[in-house]
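Peer 1:
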Amino acid sequence: MIAQRRLGHNFALQRAAELARDLDKPLLVLEALRCGYRWASDRIHRFILDGMAEREGTPGYWPYVEPAPGAGKGLLAALARDASAVVTDDFPCFFLPRMVRAAGPQLGVTLEAVDGNGVLPLRLSERTWPSAYAFRRFMQKNITACLVQEPLAQPLELARAAEESLLDDKLLRRWPRTLLARVKLAELPIDHSVLPTLRGGSTPAGARLERFVHSGLGRYADDRNEIEDDPSSGLSPYLHFGHIGTHQVLGSLAGLEGWTPARLAQRATGKRAGFWGMSEGAEAFLDQIVTWRELGYHFCAREERYDRFESLPLWAQITLTEHASDKRKTLYNLAEFDSASTHDPLWNAAQRQLRRDGIMHNYLRMLWGKKILEWTASPQEALNIMIEMNNRYALDGRDPNSYSGIFWCLGRFDRPWGPRRPVFGSVRYMSSESTARKMNVRGYLTRYGA
Numbered sequence: 453m454i455a456q457r458r459l460g461h462n463f464a465l466q467r468a469a470e471l472a473r474d475l476d477k478p479l480l481v482l483e484a485l486r487c488g489y490r491w492a493s494d495r496i497h498r499f500i501l502d503g504m505a506e507r508e509g510t511p512g513y514w515p516y517v518e519p520a521p522g523a524g525k526g527l528l529a530a531l532a533r534d535a536s537a538v539v540t541d542d543f544p545c546f547f548l549p550r551m552v553r554a555a556g557p558q559l560g561v562t563l564e565a566v567d568g569n570g571v572l573p574l575r576l577s578e579r580t581w582p583s584a585y586a587f588r589r590f591m592q593k594n595i596t597a598c599l600v601q602e603p604l605a606q607p608l609e610l611a612r613a614a615e616e617s618l619l620d621d622k623l624l625r626r627w628p629r630t631l632l633a634r635v636k637l638a639e640l641p642i643d644h645s646v647l648p649t650l651r652g653g654s655t656p657a658g659a660r661l662e663r664f665v666h667s668g669l670g671r672y673a674d675d676r677n678e679i680e681d682d683p684s685s686g687l688s689p690y691l692h693f694g695h696i697g698t699h700q701v702l703g704s705l706a707g708l709e710g711w712t713p714a715r716l717a718q719r720a721t722g723k724r725a726g727f728w729g730m731s732e733g734a735e736a737f738l739d740q741i742v743t744w745r746e747l748g749y750h751f752c753a754r755e756e757r758y759d760r761f762e763s764l765p766l767w768a769q770i771t772l773t774e775h776a777s778d779k780r781k782t783l784y785n786l787a788e789f790d791s792a793s794t795h796d797p798l799w800n801a802a803q804r805q806l807r808r809d810g811i812m813h814n815y816l817r818m819l820w821g822k823k824i825l826e827w828t829a830s831p832q833e834a835l836n837i838m839i840e841m842n843n844r845y846a847l848d849g850r851d852p853n854s855y856s857g858i859f860w861c862l863g864r865f866d867r868p869w870g871p872r873r874p875v876f877g878s879v880r881y882m883s884s885e886s887t888a889r890k891m892n893v894r895g896y897l898t899r900y901g902a
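In the working numbering, the protein residues as written are 453 to 902.
Okay, here's the thing in structure tokens:
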């Protein structure tokens with residue numbers, strides 16, 4: 453369990469349980485937490501540990517928290533010696549694809565990586581999509597068939613749980629089951645300056661979903677860009693760590709609105725509204741969680757350079773390169789950006805929200821990235837700074853969807869805009885002044901002021 457960290461509505465766990473049942477073998481569920489990955493911090497560790505604590509005590513569940521970099525090396529191979537098969541998550545981003553590829557040859561048994569990232573399987577298409585409109589049409593043409601099979605709510609009921617007595621004594625001495633209450637973040641070699649914020653786990657994820665569908669959904673279509681009294685779901689960190697899945701979100705909306713797939717539009721037009729046959733708020737939310745989120749996942753699955761400048765559309769690469777030598781009115785380095793030390797109060801407030809809370813208002817995240825592009829010496833430097841700060845502080849960083857947000861600031865999934873501007877060329881421009889005129893930011897500036 454490396455990406456979809458939940459015991460229900462989980463295709464990978466369901467596949468493992470089905471194999472265990474069919475082979476008449478007990479099922480062992482390993483959830484391990486490394487400490488040597490880039491950007492490891494108290495914030496990320498605590499969020500994951502909160503979810504692990506919810507699962508602790510479940511029969512067949514084996515939590516392991518690495519006390520030092522490399523301490524967990526060999527654990528999976530040791531467990532696999534007595535296994536008939538190993539099943540894991542197919543996640544298209546960060547270090548996980550490399551880790552899964554490296555594990556396969558070391559196990560001696562079949563390793564299956566199961567896609568539980570969203571509604572549309574990553575292997576459904578064999579290309580990347582240039583825009584949300586293009587992907588939306590593809591989604592609308594194919595989603596009916598994808599909705600036929602939903603993950604089981606309780607997949608562990610399919611198989612009997614493995615007992616600790618089945619494991620080798622030598623293995624147990626070297627890699628004992630972690631008692632999560634005894635884990636002390638201060639003793640782990642991770643970044644202690646990035647402090648915990650939100651509580652992780654499937655329980656708070658479910659509570660947020662429940663609150664959103666009953667309180668925020670009705671306002672979502674019209675007010676989702678409002679900075680004050682934001683109606684957004686707040687589910688992004690929980691989706692990233694797999695504490696909740698897209699099928700659960702869709703099921704909650706369907707239950708609220710009495711919806712079935714029979715209400716889907718018959719024609720794939722690529723339009724945002726009217727396809728799902730739901731309320732305006734539900735349609736707008738599903739466009740974010742299915743169209744935009746899964747667009748990013750499919751892109752990362754097909755483009756190994758998803759985190760590099762060269763993955764931008766050609767028009768964006770050309771226009772940004774042509775304007776790379778344009779004179780900048782202001783330049784900042786990583787340390788100045790990181791400490792929210794720019795001349796722009798709204799940008800500084802957004803950066804402080806990211807540092808303090810591990811989240812950022814979606815509209816301000818776009819402005820945040822555009823200004824970094826404007827205030828750095830090159831688009832490549834801007835990308836490096838955005839990736840570094842987002843992946844370090846954001847709970848939903850290191851994720852295909854957050855890479856989409858960063859690269860959208862430089863033209864990914866967008867189109868050329870005119871007139872051309874210095875530094876930006878044909879890339880869409882945004883300004884803090886315009887944002888402050890259109891939205892009420894006074895309270896936000898007070899909350900996240902210096």
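We treat Cβ as the ideally placed atom computed from N, Cα and C, and that holds for glycine. All values reported here derive from a predicted model rather than from experimental measurement.
(1) Would you report the Cα separation of residue 711 and residue 730, rounded to the nearest angstrom?
(2) Helix, strand or coil: which one does DSSP assign to residue 612?
(3) Determine, using beta carbons only, whether residue 464 and residue 566 come nearer to each other than 7 angstroms.
(4) Tell me whether residue 671 sits in a helix, a strand or coil according to DSSP, three-state version.
(5) Under three-state DSSP, which class holds residue 493?
(6) Is there contact here, the segment 662-678 with the segment 627-634, by at least three beta-carbon pairs under 8 angstroms?
(7) May I ask you to report which of helix, strand or coil DSSP gives residue 739?
(8) Using DSSP's beta-bridge definition, name the partner residues of residue 484.
(9) How many angstroms separate the CA atom of residue 513 from the CA atom of residue 482?
(10) For residue 732, name the three-state secondary structure that DSSP assigns.
(11) Three-state secondary structure (DSSP) at residue 526?
(12) To the nearest angstrom, report how far apart residue 828 and residue 892 are at their CA atoms.
(13) Looking at C-alpha atoms only, which residue of 752, 478, 824, 489 is the closest neighbour of residue 551?
(14) Measuring only the C-alpha atoms, how far is residue 583 from residue 823?
(15) Specify the secondary structure class of residue 643 as computed by DSSP and reduced to three states.
(16) For residue 641, count neighbouring C-beta atoms within 10 Å of its own C-beta (all shown protein chains included) and say buried if the count is 16 or more, exposed if not.
(17) Across which residues does DSSP place residue 562 in a beta bridge pair?
(18) Would residue 778 and residue 701 qualify as a contact pair, given that the criterion is a beta-carbon distance under 7 angstroms?
(19) Determine contact between the segment 645-662 and the segment 684-691, defined as no fewer than three beta-carbon pairs at a distance below 8 angstroms.
(20) Output the residue ranges of the alpha helix (DSSP H) runs that lie fully inside the segment 834-881 and measure 4 residues or longer, sorted by chain position.
(21) On the CB-based measure, 16 or more other CB atoms within 10 Å of its CB, does residue 765 come out buried or exposed?
(22) Nearest by alpha-carbon distance to residue 680: which of 595, 621, 588, 816 is it?
(23) Name the DSSP bridge partner or partners of residue 786?
(24) From this set, 505, 578, 598, which residue's C-alpha is nearest residue 570's C-alpha?
(25) Would you be able to state if there are at least three C-beta pairs under 8 angstroms between the segment 470-478 and the segment 609-622?
(26) Per the contact definition of three or more C-beta pairs closer than 8 angstroms, is the segment 543-550 in contact with the segment 709-729?
(27) Whose CA, out of 878, 487, 789, 626, lies closest to the CA of residue 835?
(28) How about residue 858 and residue 838: are their beta carbons less than 7 angstroms apart?
(29) Threshold first: 3 residues or longer. Then list the beta strand (DSSP E) segments lying entirely within the segment 670-728, N to C.
(30) Would you kindly report the start and end of the unbroken alpha helix (DSSP H) that includes residue 809?
(31) Which first and last residues belong to the alpha helix (DSSP H) in which residue 621 is found?
(32) List the whole-angstrom C-beta distance separating residue 743 from residue 587, where the pair is believed to meet the contact cut-off of C-beta under 8 angstroms.
(33) By the 10 Å Cβ neighbour count, where 16 or more other Cβ atoms means buried, how is residue 497 classified, buried or exposed?
(34) For residue 668, which residues of its own chain have a beta-carbon under 7 angstroms away from its beta-carbon, when the five flanking residues on both sides are left out?
(35) If you compare alpha carbons, which of 637, 740, 459 is closest to residue 604?
(36) On the three-state DSSP scale, how would you describe residue 501?
Peer 2: Short version:
(1) 7 angstroms
(2) coil
(3) yes
(4) helix
(5) strand
(6) no
(7) helix
(8) 516
(9) 6 angstroms
(10) helix
(11) coil
(12) 28 angstroms
(13) 489
(14) 22 angstroms
(15) strand
(16) exposed
(17) 537
(18) no
(19) yes
(20) 852-860
(21) buried
(22) 816
(23) According to DSSP, residue 786 bridges with nothing at all.
(24) 598
(25) yes
(26) no
(27) 789
(28) yes
(29) none
(30) 797-809
(31) 621-626
(32) 6 angstroms
(33) buried
(34) 683, 684, 685
(35) 459
(36) helix
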